[in-house]
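Undergrad: Residue numbers (the numbering used here), protein chains in the order written: chain P, 8 to 389; chain S, 8 to 389.
This is the structure, below, for whatever I ask next.
Protein chains: 2
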Amino acid sequence: MSRPAGAWRHHPQHRGHMWATSPAFRRQLVLLRTLLPPHPAAGSSSSASSSSSLRFRAMASSAVYEADAEAVIRRITPPLDRARHKGQAGKIAVIGGCREYTGAPYFAAISALKVGADLSHVFCTKDAATVIKSYSPELIVHPILEESYSVRDDERVSVSSKILTEVAKWMERFDCIVVGPGLGRDSFLLDCVGNIMKHARQANIPTVVDGDGLFLVTNNPGLVEGNPLAILTPNVYEYKRLVQKVLNCDINQEAASEQLTTLCQKIGGVTIMRKGKEDLISDGKTVTQVSMFGSPRRCGGQGDILAGSVAVFSSWAQQFVLANEQPTDKRVNPMTLGCIAGSLLLRKAASLAFQKNKRSTVTTDIIELLGKSLEDICPAEH
Amino acid sequence: MSRPAGAWRHHPQHRGHMWATSPAFRRQLVLLRTLLPPHPAAGSSSSASSSSSLRFRAMASSAVYEADAEAVIRRITPPLDRARHKGQAGKIAVIGGCREYTGAPYFAAISALKVGADLSHVFCTKDAATVIKSYSPELIVHPILEESYSVRDDERVSVSSKILTEVAKWMERFDCIVVGPGLGRDSFLLDCVGNIMKHARQANIPTVVDGDGLFLVTNNPGLVEGNPLAILTPNVYEYKRLVQKVLNCDINQEAASEQLTTLCQKIGGVTIMRKGKEDLISDGKTVTQVSMFGSPRRCGGQGDILAGSVAVFSSWAQQFVLANEQPTDKRVNPMTLGCIAGSLLLRKAASLAFQKNKRSTVTTDIIELLGKSLEDICPAEH
Chain P
8 MSRPAGAWRH
18 HPQHRGHMWA
28 TSPAFRRQLV
38 LLRTLLPPHP
48 AAGSSSSASS
58 SSSLRFRAMA
68 SSAVYEADAE
78 AVIRRITPPL
88 DRARHKGQAG
98 KIAVIGGCRE
108 YTGAPYFAAI
118 SALKVGADLS
128 HVFCTKDAAT
138 VIKSYSPELI
148 VHPILEESYS
158 VRDDERVSVS
168 SKILTEVAKW
178 MERFDCIVVG
188 PGLGRDSFLL
198 DCVGNIMKHA
208 RQANIPTVVD
218 GDGLFLVTNN
228 PGLVEGNPLA
238 ILTPNVYEYK
248 RLVQKVLNCD
258 INQEAASEQL
268 TTLCQKIGGV
278 TIMRKGKEDL
288 ISDGKTVTQV
298 SMFGSPRRCG
308 GQGDILAGSV
318 AVFSSWAQQF
328 VLANEQPTDK
338 RVNPMTLGCI
348 AGSLLLRKAA
358 SLAFQKNKRS
368 TVTTDIIELL
378 GKSLEDICPA
388 EH
Chain S
8 MSRPAGAWRH
18 HPQHRGHMWA
28 TSPAFRRQLV
38 LLRTLLPPHP
48 AAGSSSSASS
58 SSSLRFRAMA
68 SSAVYEADAE
78 AVIRRITPPL
88 DRARHKGQAG
98 KIAVIGGCRE
108 YTGAPYFAAI
118 SALKVGADLS
128 HVFCTKDAAT
138 VIKSYSPELI
148 VHPILEESYS
158 VRDDERVSVS
168 SKILTEVAKW
178 MERFDCIVVG
188 PGLGRDSFLL
198 DCVGNIMKHA
208 RQANIPTVVD
218 GDGLFLVTNN
228 PGLVEGNPLA
238 ILTPNVYEYK
248 RLVQKVLNCD
258 INQEAASEQL
268 TTLCQKIGGV
278 TIMRKGKEDL
288 ISDGKTVTQV
298 SMFGSPRRCG
308 GQGDILAGSV
318 AVFSSWAQQF
328 VLANEQPTDK
338 RVNPMTLGCI
348 AGSLLLRKAA
358 SLAFQKNKRS
368 TVTTDIIELL
378 GKSLEDICPA
388 EH
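The following block contains the structure:
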């Protein structure tokens, strides 16, 4: 799945009808069909989806299929086995939080716990740490990042090295890291985080990149290039900048899925979830969408919930694919499954929160309903 | 709408009966009638008000009309369009929060979110920032203001300039700013905030001035003079000082609406909401009141809720008036509509909070009921 660093080749763009009939598409389709039978214990809510695991929808110029996201969640969510011990349901770390932003890393980290991870860490600046700790005693918060204003020029190299050493000694323990929520734009801090991303990659740690992490990656695509364990989750603006930088053109709404496929192929290996009215997910081979309506509220912070949730689901999906006996399952991209699951769960929780709180819905309200949303889809006792 | 700086002309005071028959009054009346038909989907609660959009009440010496504030809220509140994205329902900033006061800016900023804004920022001192952040991860808090005690005399100019630069780079993003909640009285800090107000004015950002911001403006009325996008929300004491300073006389309870009109005209262009048993609102042309009873509890912080709510409603009203096809609507002052809406919403939420919590009602209880109050008036699904 990996490509040599620097291999920025341009792949020919697949036309929709060509893609729909290509061997790669058909294979991926078979794999997903194999993966997504109705779950035996999922209850009546799955009956609608069980008759057809994948539903097709014709888009302007490219084949996009609607994921049966509920079935994905049911398959990849691990059973709550009494014999399991702390950490086995997931250890997540969020790299983010600076003097200016503290809410975003908190939202991502607490969401990971609410989805079902056992441990959730935050690596942030000293200024942010006290505040993030005060939001919740559930999180483990490491005050180790630094911004330019707190580092003398002649100390930069040694401080940067020390930060990497501190994070590195934890890295192997994590099942997934989230880079970017509330990271800010400080150049020294972003340099350090770039080094952390390189280290995570060497250690084969799946990495979700969101928020200011996407600013970093857009300016330095080599950080994720050819990394099949990297997931980018850009919103409208972030996606636009990424397309401009990598494809050197503007967004093409008429051929959205083709452009997304091309973008993934050009970066090479990564999975991208283009957030919007429908979330479009591609790893350069197929394009899946999740379009269940969530909430009309657009309060800031929902992207952070998504990033934390995708981190947990991706690590679960990876375990599921590795453990599964059927050889077909091994060829499904777990990063794609993680994105599908995270997208649906956020939409469902946002929908429930909006039903309850209407216009006054804020991000915390949505987080509080992650648990119920997951339980509705995938009962803990199944 | 603007007037040259320094144009402190004295306008002849309208007598009540003259005003009631003046062309300006009649025109404004027609405009508000045009604006306020019953909303089709507002439910039965609107039936009482729909029969008569404006009800009149004779005051001692001037015509004041009772706004149909529910109808105003229903008209200016934007529909929750599924195609909208983050930020389009409003981005608000509160300038306030110092070593002594942290609750007030939090109340104003969180109220903006609960009314329905997408993003809410606070610009405060470093001392205040950690605490305000810890109240809620929903807010984006910038620790950039400084008080005299933390700035050496020889640094004042450079620090002041740096603060303005920091705030200025965000300013264009905001739909409205609130100046004053928990600002304190430190002279250096107030000087900096005066510069921020001048910048906001140049950038045409609507500005709600409350609390210590009114102390600043009372001592320097030029900061808002001739600014049609400025709203002052004085309580009894703040209004008294403003009248003394600008009109050089004491409060005249017998001719309250005339005096308010004269005050608006003398300052020029601004909208003033004189808070009290009835909230009197004027832009120098008409005087509207909102008199629905709220709560007998007078716990501190309700003015901050009001300021944050007025900021959101004013920005919505501005969009509504700009977008509306009817030429009459374009001539209604959106700042007046924002005040009317904010006044009613606070009163309704305070009333619900008091029914529930009686003597123990505090500001947080009221904020928690902003959502239900708005939903009762203007259902999200309409």
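In this text, a Cβ means the ideal position worked out from N, Cα and C, and glycines have one as well.
All figures in this text were calculated on a predicted structure; none of them were measured in a lab.
Which first and last residues belong to the beta strand (DSSP E) in which S289 of chain S is found?
TA: Taking the second sequence and counting its residues from 1, one reaches residue 289 of chain S at position 282. Run containing S289 of chain S: 286 to 289, per the beta strand (DSSP E) assignment.
Undergrad: Measure from the C-beta of P303 of chain P to each C-beta in chain S and report whether the shortest distance is under 9 Å.
TA: For the purposes of this step, residue 303 of chain P is taken as the residue at position 296 of the first sequence. Answer yes: the Cβ-Cβ gap between P303 of chain P and chain S drops below 9 Å somewhere.
Undergrad: Just mark R243 of chain S as buried or exposed, buried being the case when its beta carbon has 16 or more other beta carbons within 10 Å.
TA: Position 236 of the second sequence, counted from the start, is the residue given in the question as residue 243 of chain S. Note that residue 243 of chain S is Val in the sequence shown here, rather than Arg. Answer is exposed; the Cβ neighbour count stays below 16.
Undergrad: Taking the alpha carbon of L87 of chain P as the reference point, which residue from P:K252, P:G103, P:V122 has its own alpha carbon closest?
TA: By 1-based counting over the first sequence, the position of residue 87 of chain P is 80. Checked all of P:K252, P:G103, P:V122; the closest Cα to L87 of chain P is P:V122.
Undergrad: Please tell me whether S143 of chain S and T368 of chain P are closer than 9 Å, where the distance is taken between their beta carbons.
TA: The sequence position of residue 143 of chain S within the second sequence is 136, counting from 1. The sequence position of residue 368 of chain P within the first sequence is 361, counting from 1. Contact: no.
Undergrad: Select from P:M299, P:V297, P:G187, P:S380 the residue whose C-alpha is nearest the C-alpha of E245 of chain P.
TA: Locating residue 245 of chain P in the first sequence gives position 238, where the first residue counts as 1. Checking every option, the nearest Cα to that of E245 of chain P belongs to P:G187.
Undergrad: Kindly indicate the opening and closing residues of the alpha helix (DSSP H) around T343 of chain P.
TA: Within the first sequence, numbered from 1, the residue matching residue 343 of chain P stands at position 336. Its alpha helix (DSSP H) spans residues 341 to 364.
Undergrad: Go ahead and label H128 of chain P buried or exposed: buried means 16 or more other beta carbons lie within 10 angstroms of its beta carbon, across all protein chains shown.
TA: In the first sequence, counting from the first residue as 1, residue 128 of chain P sits at position 121. Buried, by the Cβ-count rule.
Undergrad: Count the other CB atoms within 10 Å of the CB of Y156 of chain S; is the residue buried (16 or more) or exposed (fewer)?
TA: Here residue 156 of chain S refers to the residue found at position 149 when the second sequence is read from its first residue. It is exposed - the Cβ of Y156 of chain S has fewer than 16 other Cβ atoms within 10 Å.
Undergrad: Under 8 Å, with one C-beta from each stretch per pair, do the stretch 102 to 111 of chain P and the stretch 184 to 203 of chain P reach the 3-pair mark?
TA: The stretch 102 to 111 of chain P is in contact with the stretch 184 to 203 of chain P.
Undergrad: Less than 9 Å between CB atoms is the rule here; does V101 of chain P satisfy it with respect to chain S?
TA: Counting from 1 along the first sequence, the entry for residue 101 of chain P is found at position 94. Output row for V101 of chain P: interface = no.
Undergrad: Determine the contact status of R180 of chain S and F222 of chain S, defining contact as a CB-CB distance below 9 Å.
TA: Taking the second sequence and counting its residues from 1, the one referred to as residue 180 of chain S is at position 173. Taking the second sequence and counting its residues from 1, the one referred to as residue 222 of chain S is at position 215. The answer is no: Cβ separation not under 9 Å.
Undergrad: Comparing the C-beta of T293 of chain S with each C-beta of chain P, is any distance below 9 Å?
TA: For the purposes of this step, residue 293 of chain S is taken as residue 286 along the second sequence, with counting starting at 1. By this cut-off, T293 of chain S is not an interface position.
Undergrad: Could you say which of P:N255, P:V317, P:E382, P:K292 lies nearest to Q272 of chain P if we only look at CA atoms?
TA: On the first sequence, position 265 is the one that residue 272 of chain P refers to. Residue P:K292 is the option with its Cα nearest to Q272 of chain P.
Undergrad: Can you tell which of S:F195, S:K176, S:M178 has the C-alpha that lies nearest to the C-alpha of V164 of chain S?
TA: In the second sequence, counting from the first residue as 1, residue 164 of chain S sits at position 157. Minimum Cα distance to V164 of chain S is reached at S:F195.
Undergrad: Is the Cβ-Cβ distance between I203 of chain P and V231 of chain P less than 9 Å?
TA: Within the first sequence, residue 203 of chain P is the residue found at index 196, counting from 1. Within the first sequence, residue 231 of chain P is the residue found at index 224, counting from 1. No; because the gap between Cβ atoms is not below 9 Å, this pair is not in contact.
Undergrad: Quick check on this structure: which residue in S:G229, S:S264, S:G233, S:E261 has the alpha carbon closest to the alpha carbon of K252 of chain S?
TA: If you number the second sequence from 1, residue 252 of chain S lands on position 245. Nearest C-alpha to K252 of chain S: S:G229.
Undergrad: In chain S, which residues lie less than 9 Å from V369 of chain P when you measure between Cβ atoms?
TA: On the first sequence, position 362 is the one that residue 369 of chain P refers to. Those within 9 Å of V369 of chain P in chain S are I117, L120, K121, S143, E145.
Undergrad: Taking Cβ-Cβ distances shorter than 7 Å, what residues in chain S pair up with C306 of chain P?
TA: Numbered from 1 along the first sequence, position 299 holds the residue referred to as residue 306 of chain P. Going along chain S in sequence order, the residues near C306 of chain P (Cβ under 7 Å) are L120, D125.
Undergrad: At least one CB of chain P closer than 9 Å to the CB of Q326 of chain S: is that the case?
TA: Residue numbering aside, residue 326 of chain S sits at position 319 when the second sequence is read from its first letter. No, Q326 of chain S does not count as interfacial toward chain P.
Undergrad: Is the beta carbon of K98 of chain S less than 9 Å from the beta carbon of D125 of chain S?
TA: In the second sequence, counting from the first residue as 1, residue 98 of chain S sits at position 91. In the second sequence, counting from the first residue as 1, residue 125 of chain S sits at position 118. In contact: K98 of chain S and D125 of chain S (Cβ atoms closer than 9 Å).
Undergrad: Using a Cβ cut-off of 9 Å (strictly closer), state whether H206 of chain S contacts chain P.
TA: Position 199 of the second sequence, counted from the start, is the residue given in the question as residue 206 of chain S. By this cut-off, H206 of chain S is not an interface position.
Undergrad: With DSSP as the reference, please indicate the residues paired to I279 of chain P in a beta bridge.
TA: Here residue 279 of chain P refers to the residue found at position 272 of the first sequence. For I279 of chain P, which the question treats as bridged, DSSP gives the partners P:L239, P:S289.
Undergrad: Between which two residues does the beta strand (DSSP E) holding Q296 of chain P run?
TA: The residue labelled residue 296 of chain P in the question sits at position 289 within the first sequence. First-last of the beta strand (DSSP E) with Q296 of chain P: 294 to 297.
Undergrad: Applying a beta-carbon distance threshold of less than 8 Å, which residues of chain S neighbour R106 of chain P?
TA: Start at 1 with the first residue of the first sequence, and residue 106 of chain P comes out as number 99. Simply P150.
Undergrad: Please return the same chain residues whose Cβ sits closer than 8 Å to the Cβ of E145 of chain S, not counting the five positions on each side in sequence.
TA: Here residue 145 of chain S corresponds to residue number 138 of the second sequence, with the count starting at 1. Once the five neighbours on either side are set aside, the close Cβ partners of E145 of chain S are I117, L120, S127.
Undergrad: DSSP state of T370 of chain S, grouped into three classes?
TA: In the second sequence, the residue the question calls residue 370 of chain S occupies position 363. Note: T370 of chain S maps to helix in three-state DSSP.
Undergrad: By the criterion of Cβ-Cβ separation under 8 Å, what are the contact partners of L377 of chain S in chain P?
TA: Residue numbering aside, residue 377 of chain S sits at position 370 when the second sequence is read from its first letter. Those are S367, listed as they occur along chain P.
Undergrad: Here's a check: name, in chain order, each residue in its chain whose Cβ is nearer than 6 Å to the Cβ of F114 of chain P, leaving out the five neighbours to either side.
TA: By 1-based counting over the first sequence, the position of residue 114 of chain P is 107. Excluding residues within five positions, the ones whose Cβ falls inside 6 Å are G308, D311, I312, T370.
Undergrad: Using DSSP bridges, identify the partner residues of C131 of chain S.
TA: Counting from 1 along the second sequence, the entry for residue 131 of chain S is found at position 124. S:P150.
Undergrad: Looking at the structure shown, is C256 of chain P part of a helix, part of a strand, or coil, going by DSSP?
TA: Position 249 of the first sequence, counted from the start, is the residue given in the question as residue 256 of chain P. Note: C256 of chain P maps to coil in three-state DSSP.
Undergrad: Starting from the beta carbon of Y113 of chain P, find every residue of chain S whose beta carbon is closer than 8 Å, and list them in chain order.
TA: Here residue 113 of chain P corresponds to residue number 106 of the first sequence, with the count starting at 1. Result: P144.
Undergrad: Closer than 9 Å, CB to CB, is V250 of chain P near chain S or not?
TA: Here residue 250 of chain P refers to the residue found at position 243 of the first sequence. Closer than 9 Å: no.
Undergrad: Between C346 of chain P and I238 of chain P, which are expected to be in contact by the criterion C-beta below 8 Å, what is the C-beta distance as a whole number of angstroms?
TA: On the first sequence, position 339 is the one that residue 346 of chain P refers to. On the first sequence, position 231 is the one that residue 238 of chain P refers to. Right, their Cβ atoms sit about 6 Å apart.
Undergrad: Taking DSSP as the reference, what is the three-state secondary structure of V101 of chain P?
TA: For this step, residue 101 of chain P is matched to residue 94 along the first sequence. Here V101 of chain P sits in strand by DSSP.
Undergrad: Can you name, in chain order, every residue of its own chain whose Cβ lies under 6 Å from the Cβ of Q197 of chain P, other than the five neighbours on each side?
TA: In the first sequence, residue 197 of chain P corresponds to position 190, counting from 1. Looking at the sequence provided, one finds Leu at residue 197 of chain P rather than Gln. Closer than 6 Å at Cβ, skipping near neighbours: L223.
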